[in-house]
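For reference, the structure discussed in these notes is given below.
In my numbering, the protein residues as written are 24 to 370.
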């Protein structure tokens, strides 16, 4: 069984969870579910005793102190400090250029929730074994609803008992198409979790996006080490094209594979997704935070308050968030618009 190097991507602003998530402290660094932050939970899912090496964390200057405070003292951990945001293809390439060419990378977002860590570990091992054979592997999250906010993976022919070729990467569909995917039963959500052997990933990146591959390699070659931090050359990295790994590599390679993973996953991409991931009472209501909350004749209501008392009567499918002087109230159907509010945008 190969040793797996977790590559944790820590970026983004988390504006869709405003006002709790803010630019200065976005959702990876918040204890949204339980007492661990999403970033801490991502690290804990990859323990040494489970066959994982020390993590490589890719983040920006803005979140560097938060990363290091929550990372703690992990022997051998690396923190790669992106001089600028250049999307996931470049971020993963930074990590790849800092690892041995035969290393197996497990690329994980820092801000997702996985309720079943045992299933995650099994899928990670299966993906690593495929990566050793030269496959570029995605986790195919079991689709349980016709979600329009996720990309999808179409399952192709079987490679083994636990893996399949990826026949197609599908962009976020409309509702009717998402319903058709769910009914067909061969589509999974694309959760943005990947396993690659370093040399295979870099070869595919060079073949399909040479400007990204060469630009990142140059920035790493002229970079500097500072303790556990590594700083790529800022001027060279600024010239690297910005593109997701899905567009740059996964949709172009002929070696795309997927491992199914039914692990109670959520990207916690909005307040409704968080509500779905939290424990709820018999009426579907949830309460978070330190504030006192009273609900009367409510259904499917989430209240998250950091202090002020919140009382809700006779509402359903509503979310109320109080953070300092900011109060946000939305229906479930309006959660996708939270990130466009002036309070979220003008930070």
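Don't be surprised by glycine CBs; every beta carbon is placed ideally from N, CA and C.
Taking 8 Å as the cut-off, the beta carbon of residue 39 is found no closer than this to the beta carbon of residue 53. The alpha-carbon separation between residue 278 and residue 299 amounts to approximately 35 Å.
In the DSSP annotation of this structure, the continuous segment of the beta strand (DSSP E) that includes residue 179 starts and ends at 175-183. Per DSSP, the continuous alpha helix (DSSP H) segment holding residue 295 begins and ends at 294-300. Close CB contacts of residue 287 within its chain, under the 7 Å cut and outside five residues either way in sequence, are with 137, 138, 139 (chain order).
Rounded to whole angstroms, the gap between the alpha carbons of residue 333 and residue 320 is 14 Å. Per DSSP, residue 235 is one residue of the alpha helix (DSSP H) stretching across 233-244. Here the alpha carbons of residue 162 and residue 289 stand approximately 13 Å from one another. Distance from the Cα of residue 129 is smallest, within the candidate group 115, 306, 135, 142, for 115.
Residue environment for residue 313: exposed (fewer than 16 other C-beta atoms within 10 angstroms of its C-beta). Boundaries of the beta strand (DSSP E) harbouring residue 354: 349-354, taken from the DSSP string. Buried is the label assigned to residue 242, since at least 16 other Cβ atoms lie within 10 Å of its Cβ. A direct Cα-to-Cα measurement between residue 190 and residue 229 gives close to 22 Å. Residue 135 sits in coil when the DSSP states are folded into three classes, being neither helix nor strand. Per DSSP, residue 324 is not a residue of any alpha helix (DSSP H); the beta strand (DSSP E) it occupies stretches across 322-328.
Apart from the 5 residues on each side of it in sequence, residue 264 sits with its Cβ closer than 6 Å to the Cβ of 234, 235 in its chain, given in chain order. If you draw a straight line from the Cα of residue 173 to the Cα of residue 93, it comes to about 28 Å. Here the alpha carbon of residue 215 sits roughly 16 Å from the alpha carbon of residue 188. Secondary-structure assignment with DSSP links residue 220 through a beta bridge to 127. For residue 77, no alpha helix (DSSP H) encloses it, and the DSSP letter there is neither H nor E. Here residue 87 has 102, 104, 252 as same chain residues with Cβ atoms under 8 Å from its own Cβ, once five neighbours each way along the sequence are excluded. Apart from the 5 residues on each side of it in sequence, residue 135 sits with its Cβ closer than 6 Å to the Cβ of 290 in its chain, given in chain order.
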